[in-house]
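K.L.:
Can you keep this structure in mind? I'll have questions shortly.
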Amino acid sequence: MHSASGSDEVTARLRAAGIDHGEPTAGGDGRIMPVTDPDGNQLVFCGT
1 MHSASGSDEV
11 TARLRAAGID
21 HGEPTAGGDG
31 RIMPVTDPDG
41 NQLVFCGT
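Okay, here's the thing in structure tokens:
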């Protein structure tokens, strides 16, 4: 598990690593961002 200070940091780290991801969108009390791993599994990062 990775701890980040916010979803902007996670987005920047994924982008820097060349990992394809959806754009963060509003969801619940924060933001959500979908990511698909190399095996095709969808992960969702949730943050504020």
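If you read the sequence shown in the UniProt record's numbering, its first letter stands for residue 1, the second for the next number, and so on.
Note that CB positions come from ideal geometry on N, CA and C, so glycine has one too.
1) Below 8 Å on the Cβ atoms is my guess for H21 versus V35; work out the distance and round it to an integer in Å.
2) I think M33 touches T11, with their Cβ atoms under 8 Å apart; what is that distance to the nearest whole Å?
3) What number of angstroms, rounded off, separates the C-alpha of G40 from the C-alpha of D29?
4) When the Cα atoms are used, what is the spatial distance from C46 to G27?
P.N.:
The answer reads as follows:
1) In the sequence shown, the residue the question calls residue 21 occupies position 21. In the sequence shown, the residue the question calls residue 35 occupies position 35. That pair is a contact at about 4 Å.
2) Along the sequence shown, one-based indexing puts residue 33 at 33. Along the sequence shown, one-based indexing puts residue 11 at 11. With 8 Å as the limit, M33 and T11 qualify as a contact, their Cβ atoms being about 6 Å apart.
3) Within the sequence shown, numbered from 1, the residue matching residue 40 stands at position 40. Within the sequence shown, numbered from 1, the residue matching residue 29 stands at position 29. Rounded to the nearest whole angstrom, the CA to CA distance from G40 to D29 is 27 Å.
4) Position 46 of the sequence shown, counted from the first residue, corresponds to residue 46. Position 27 of the sequence shown, counted from the first residue, corresponds to residue 27. If you take the alpha carbons of C46 and G27, they lie about 8 Å apart.
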